[in-house]
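Line by line, the protein sequences give chains X and H.
First residue of the first sequence: 1, per my numbering; consecutive thereafter.
First residue of the second sequence: 1, per my numbering; consecutive thereafter.
Cβ coordinates follow ideal geometry from the N, Cα and C atoms, glycine included.
Nothing here was measured: the structure is a model prediction, and the numbers come from that model.
Structure first, commentary second.
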Amino acid sequence: MPRRILVLFAMLAAIALLLAACKPAPTAEPVQEPPQPPAATEEEEMEEPTEEAAKEGETYYIGFASAITGPGSSLGEPERNTAEMIAAQLNEQGGVVGPDGVRHKVEVIIYDTESNPDTAVSVVRRLIEEDEVQVVVAGSLSGNSLAIVPVVSEAQVPYISMASARAIIQDTETGETRFWAFKTPQENLHSAKWQAKYLKAKGISKVCHLFENTGYGKDTNNQAKAAFGPEGIEIVYEDTFERSDTEFGAQMAGVQASGCQAVVVGAIPPGASTVTVALRDFVPDLPVIHGHGTCNMAFIELAGGAAEGVVSPCGRLMAVDTLPADDPQKPVLEKYIADYSAFTEGEPISTFGGHAWDAMMWAVEALASLPDGMDLDEQRAAIRDYIESNIRNWPGTGGIFNITPDDHLGLTFEALTFVKVENGAWVYFPESAW
Amino acid sequence: MNRFLPPWLHRWTGLIWLALLLASVVLLGQRSQYGPTQYMQFTMDGLRAGTIYALIAMGFVTVFNVTGIINFAQGAFVMLGAMLTVTVNNSATFLPPAPRLLLAIVAGIVGTTLIGLLLERMTIYPARHASPLTLIIITVGDFIALQGLALIAWTAKPYTLPAFTTLQIADKTIRLAGVVLKAQSFWIWGTTALVLLVLGYFFERTMTGKALRACAINRLGARLMGISVSRMSLVAFGMAAALGAIGGIVVAPTTRPTYDMGLVLGLKGFVAAIMGGLVSYPGAVLGGLLLGILENLAAGVTKAGLKDMFAFLLLIIVLLYRPHGILAARQETVEARQP
Chain X
1 MPRRILVLFA MLAAIALLLA ACKPAPTAEP VQEPPQPPAA TEEEEMEEPT
51 EEAAKEGETY YIGFASAITG PGSSLGEPER NTAEMIAAQL NEQGGVVGPD
101 GVRHKVEVII YDTESNPDTA VSVVRRLIEE DEVQVVVAGS LSGNSLAIVP
151 VVSEAQVPYI SMASARAIIQ DTETGETRFW AFKTPQENLH SAKWQAKYLK
201 AKGISKVCHL FENTGYGKDT NNQAKAAFGP EGIEIVYEDT FERSDTEFGA
251 QMAGVQASGC QAVVVGAIPP GASTVTVALR DFVPDLPVIH GHGTCNMAFI
301 ELAGGAAEGV VSPCGRLMAV DTLPADDPQK PVLEKYIADY SAFTEGEPIS
351 TFGGHAWDAM MWAVEALASL PDGMDLDEQR AAIRDYIESN IRNWPGTGGI
401 FNITPDDHLG LTFEALTFVK VENGAWVYFP ESAW
Chain H
1 MNRFLPPWLH RWTGLIWLAL LLASVVLLGQ RSQYGPTQYM QFTMDGLRAG
51 TIYALIAMGF VTVFNVTGII NFAQGAFVML GAMLTVTVNN SATFLPPAPR
101 LLLAIVAGIV GTTLIGLLLE RMTIYPARHA SPLTLIIITV GDFIALQGLA
151 LIAWTAKPYT LPAFTTLQIA DKTIRLAGVV LKAQSFWIWG TTALVLLVLG
201 YFFERTMTGK ALRACAINRL GARLMGISVS RMSLVAFGMA AALGAIGGIV
251 VAPTTRPTYD MGLVLGLKGF VAAIMGGLVS YPGAVLGGLL LGILENLAAG
301 VTKAGLKDMF AFLLLIIVLL YRPHGILAAR QETVEARQP
């Protein structure tokens, strides 16, 4: 018997070792060094008469961490690609030039959060303490970002998140803005306000709300309740489903029995797609309204035709071709799409990469505002102040940002636009066509 | 609970519980004015889900009968079957859709079976002298390892497999008296019926099948008769992998396969197997169907989001009151069959 127990312990120890070995300390994924030697850069600078004589200051570092692997990798990969793209562009330009004319190289240090809050915290600590970065852009998922917030607050480092939860930038209980944290993605409340606007325009007062059984889904439900009530829209039936569900008869019976006039869904693919297929089978006459979690091609592909006619609030990035020409974001969006497609050789565009672009560009702009000769703590404080007071009327991929000390996102619900699935693609769906 | 009832009621307790359950379902359904159409819908949904659980449960039974261990890697076989099929179907674009799907399905089953065989030789066979508990922990490790590898190979992206009837993602919908059915459901039922027939033939008519049964009845006795138990363990894992893969493949068009689809399906299959007593194929099938119908009925009349909770509640109830399965006679124990 003792031998058996010994064997058992040995096996457990082996498994523990194996697990430990499978999870190596996150290694840096340093951005490609410029292929040309420094001499070439100097030559280039000398060719440009507008630039002042090459006075080179210290190198700035942007710390970047996204969910490159793990369940959040569909978000983290386009974000990483975007960060690499911006790093390459900065390299080409030779970095940023401060207000005093001093040129600084900018390096982007990229880590993988593995979609895991613990790893996210440890890589961010490493960025702050060992790599001594001026600013941190990190966190693809809300949970990871929320775990990072205390770390950056304690270390007093400006932090820009690429995840959507309001709690990242604001203490939801006290309503206090988190001093060091900013974020770029739109929120579920913005989606819910659009949905309410659409429902009201359509004269619908009774809706069903179906949402996936995740943190994201529950948040869509809470925000829908907050936004629909004041508009006189009642949620007469609500229920959840799992992302992997194959049967929806229970939810559909509830929808049919409730007598609602439209179904609002709070989910991301694949759940958003499978529930749409079921809705088309059971209640083909009810309008289906999604949230901005479905704003990608995967939703349409996975729904296999059932997505046709679905409407949703979405970031402008997904429907850029059908946007009116005077949209102030259009040039930014078109440039991002062209740059990203060229850099990744045709990877599909996603709004998540756009969130990373907005965050990185804030960081770069703030770095360019720093005069030479500050120490690290002063630089970090100055970057935070710059973002809080200078990102005004700033057209990004996610909307026109107006950051204030009270709002570290700075978007209204109109940052999203309204779109419809037509012939297997998201197209702009203006209010005049409702 | 049972010991407080008069003895003549004992043999009816199961039926009484079932009647109480159905009565409460109807009572709860009254709130939403559910009629026969809704109950039919829940039952058909349950039959479809239950058939998948039954296929997976039969994999648990096969391995448990021969080796006496619960193979928690079964869920990974389900996922691998679906994912390999999807991959082959997406890459063999030189073929027209129908033969391509057929090739993909065959490749999915064969590939998963090979992985099952390899898994047995690499992780179970070397530890064959260890206690069942150790082996069960190894299978848990196998599951985690396979799912981790699947995440690397396929990422977290959801995939699609065309429905067998239309050969497109959108499946044919059949409406019968208000009940919505998908054509894929008939493929699921047909496939499972075929699998049962093949299994029946295999266990009754072939030497290997009889040897497997001998191992299940008495391992020591089987070994004394010259049956290699370690070879039978290999066969059992191969069969379990194939059964899991078939389950994963037929369910794939109704869901959107991801690397982590095996966890919930595997656990539900385990619940079905436990309901069937872990040793019997008819028990596993009945357990699967009952699990599917009960969870869909219960979720339908309460909250759909509680479906998984009902499934695992059922597991607890069965383990407490019917630890040897719903079909088992009272005195028969698993221990008695597994010396």
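Using a Cβ-Cβ cut-off of 7 Å, glycine 249 (chain X) counts as an interface residue toward chain H, since at least one Cβ of chain H sits closer than that to its own. Residue burial is scored here from C-beta neighbours: lysine 307 (chain H) has at least 16 other C-beta atoms within 10 angstroms and is therefore classed as buried.
The C-beta distance from leucine 409 (chain X) to lysine 183 (chain X) rounds to 6 Å, short enough to meet the 8 Å contact threshold. Secondary structure remark: continuous alpha helix (DSSP H) runs of at least 4 residues inside the segment 86-159 of chain H, in chain order: 97-119 and 132-154. Counting only Cβ-Cβ distances below 8 Å, alanine 306 (chain X) has contacts in chain H at Ala170, in chain order. Here the segment 389-400 of chain X does not lie against the segment 107-125 of chain X, with fewer than 3 beta-carbon pairs under 8 Å apart. Contact between leucine 210 (chain X) and glutamine 251 (chain X) holds, since their C-beta atoms are separated by about 6 Å, short of 8 Å. Interface annotation, leucine 302 (chain X): in contact with chain H, CB-CB separation under 7 Å. For glutamine 74 (chain H), the nearest beta carbon of chain X is not closer than 7 Å to its own beta carbon.
From the beta-carbon of proline 78 (chain X), no residue of chain H is found nearer than 8 Å; the closest lies around 12 Å away. Residue environment analysis places serine 191 (chain X) among the buried positions, since at least 16 neighbouring C-beta atoms fall within 10 angstroms of its C-beta. Shown here for arginine 380 (chain X): same chain residues with a beta carbon closer than 8 Å to its own, the five before and five after excluded, namely Gln134, Val135, Gln156, Val157 and Pro158 in chain order.
Take the alpha-carbon of isoleucine 188 (chain H) and the one of alanine 107 (chain H): they are about 18 Å apart. For the segment 186-219 of chain H, the beta-carbon criterion of a distance under 8 Å to any beta-carbon of chain X is satisfied by none of its residues.
Per the C-alpha coordinates, the member of X:Trp357, X:Asp372, X:Pro331 and X:Ile268 positioned closest to proline 158 (chain H) is X:Ile268. Taking the C-beta atoms as reference points, isoleucine 109 (chain X) is found no nearer than 7 Å to glycine 57 (chain X). Of all residues in the segment 264-285 of chain X, those with a C-beta nearer than 9 Å to a C-beta of chain H are Pro269, Pro270, Gly271, Ser273, Thr274, Val277, Ala278, Arg280, Asp281 and Phe282, reading in chain order. Taking the Cα positions, alanine 127 (chain H) is about 56 Å away from threonine 59 (chain X). Taking the Cβ atoms as the reference, alanine 170 (chain H) lies roughly 4 Å from glycine 305 (chain X), within the contact range of under 8 Å. In this structure, alanine 272 (chain H) lies away from valine 61 (chain H), with their beta-carbon atoms at least 7 Å apart. Taking a contact as a CB-CB distance under 8 Å, the pair glycine 266 (chain X) and histidine 292 (chain X) does not count as one, their CB atoms being some 10 Å apart. Within 8 Å of the CB of valine 180 (chain H), the CB atoms of chain X belong to Gly249, Met252, Asp281 and Phe282, in sequence order along the chain.
Taking the beta carbon of asparagine 296 (chain H) as reference, the chain X residues within 7 Å of it are Glu247, Gly249 and Ala250, listed in sequence order. Counting every other CB atom within 10 Å of its CB across the protein chains shown gives tyrosine 34 (chain H) a total of 16 or more, marking it as buried. Taking a cut-off of 8 Å on C-beta distances, the segment 257-266 of chain X does not touch the segment 164-178 of chain X, as fewer than three cross pairs fall below it. In chain X, no part has a C-beta under 7 Å from the C-beta of proline 99 (chain H); the shortest such distance is about 21 Å. The continuous beta strand (DSSP E) containing arginine 175 (chain H) extends over residues 173-176. Contact between glycine 178 (chain H) and threonine 37 (chain H) holds, since their C-beta atoms are separated by about 4 Å, short of 8 Å. As computed with DSSP, alanine 262 (chain X) is found in a beta bridge with X:Val207.
Residues of the segment 305-316 of chain H with a C-beta less than 9 Å from any C-beta of chain X: Gly305, Leu306, Lys307 and Asp308, listed in chain order. With the rule of 3 Cβ pairs closer than 8 Å, the segment 215-223 of chain H does not count as touching the segment 38-58 of chain H. Contact annotation: in the segment 23-50 of chain H, residues whose CB is within less than 7 Å of a CB in chain X are Ser32, Gln33, Tyr34, Gln38, Gln41, Phe42, Asp45, Arg48 and Ala49. The beta carbons of valine 311 (chain X) and tyrosine 198 (chain X) sit about 7 Å from each other, so the pair counts as a contact at 8 Å. For the pair of segments examined, the segment 91-103 of chain H was found not to touch the segment 285-301 of chain H: the number of CB pairs separated by less than 8 Å stays below three. Across the segment 343-358 of chain X, no CB contact with chain H closer than 8 Å is found for any residue. At a cut-off of 7 Å between C-beta atoms, serine 74 (chain X) counts as an interface residue with respect to chain H.
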